[in-house]
Each structure stands twice: as structure tokens, then as C-alpha cells.
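Encoded as C-alpha cells, the structure appears first; notes follow it.
Residue numbers (the working numbering): 1048 to 1172.
Shown next, in the form of C-alpha cells:
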């Protein structure tokens, strides 16, 4: 094996994080938000989509957190079914009990671990 200089990983990680931050900041525009909202508005009752699937549809695979940020900032006058967006494992948003109630009311069933059964309820994208 070879040895890395002291601090090699921490310096590179910091550079990588700053690069990602700049890219994400540039991509997190009003157009991006509107595109996210358009996709979410099309999710039918009884189906879910993951943050990552939305990012991929927008040509930004791996940027699921940007999608989450856009959904967190939805203006109150918009009526979007944000409750139909879950993480890649089907997990619901922590601390948002209403999400579970809304999904159950639409017929979405959760597995024993509290996650949405993505095989049954994932919308075909």
C-alpha cells in the first residue's frame, strides 16, 4: 500500500464539498424549482416518487437533496402533493406525521418498517 500525506483526505473532501456547493447553488434556480413543482403536480393519488427519481428526470442524477430543498420551500399558495415524494428507501419525512396520514388515505400502504412499498406504489417515471 502507499501512504498519503497528512490531511490529504480532509483537504480533498473540503475542495469537493465547495465544488459541489457552487454547482448546486448555480443549479438551484427558480427554473429548477418550477420544474420540480411541475413533476410533483403530476404524481397521481396512491403513487409515490423518490427525490432521486425527480432529480434524474431533471437531468441531475445524484442531486436528490436539491429536490428536497425545493419541496421544503414550496410557496404556501401552491397546492402540491409533496407528501407523495419519499426517499430512495421509501422512508417518509421525519417529523411530518401528516405525510403518513395523507398517503394512507390515498391507499398507499406501509411495510412493517414504516416505509412505503416502492414495488407496489412507485409511479412509473
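Ideal placement from N, C-alpha and C gives every residue a C-beta, glycine not left out.
Exercise. Can you give me the Cβ contacts of residue 1161 inside the same chain, cut-off strictly under 6 Å, excluding the 5 residues immediately before and after it?
Key: none
Quiz prompt | Among 1147, 1127 and 1138, nearest to residue 1091 - alpha-carbon criterion | solution = 1127
Quiz prompt | Contact under 8 Å by Cβ, residue 1132 with residue 1087 | solution = yes
Quiz prompt | Ranges of the alpha helix (DSSP H) found wholly within the segment 1128-1162, counting only runs of at least 4 | solution = 1144-1152
Quiz item: Thinking just about the alpha-carbon of each residue, which of 1106, 1129 and 1120 is nearest to the one in residue 1209?
Solution: Residue 1209 lies beyond the range of the chain shown here (1048 to 1172); nothing can be said about it.
Exercise. Note down, in chain order, each residue of its chain lying with its Cβ closer than 8 Å to the Cβ of residue 1121, except the 5 sequence neighbours on either side.
Key: 1084, 1127 and 1129
Quiz prompt | Which listed residue (1077, 1166 and 1158) has its alpha carbon closest to that of residue 1117 | solution = 1077
Exercise. Please name the residue in 1172, 1142, 1137 and 1114 whose C-alpha comes closest to that of residue 1156.
Key: 1137
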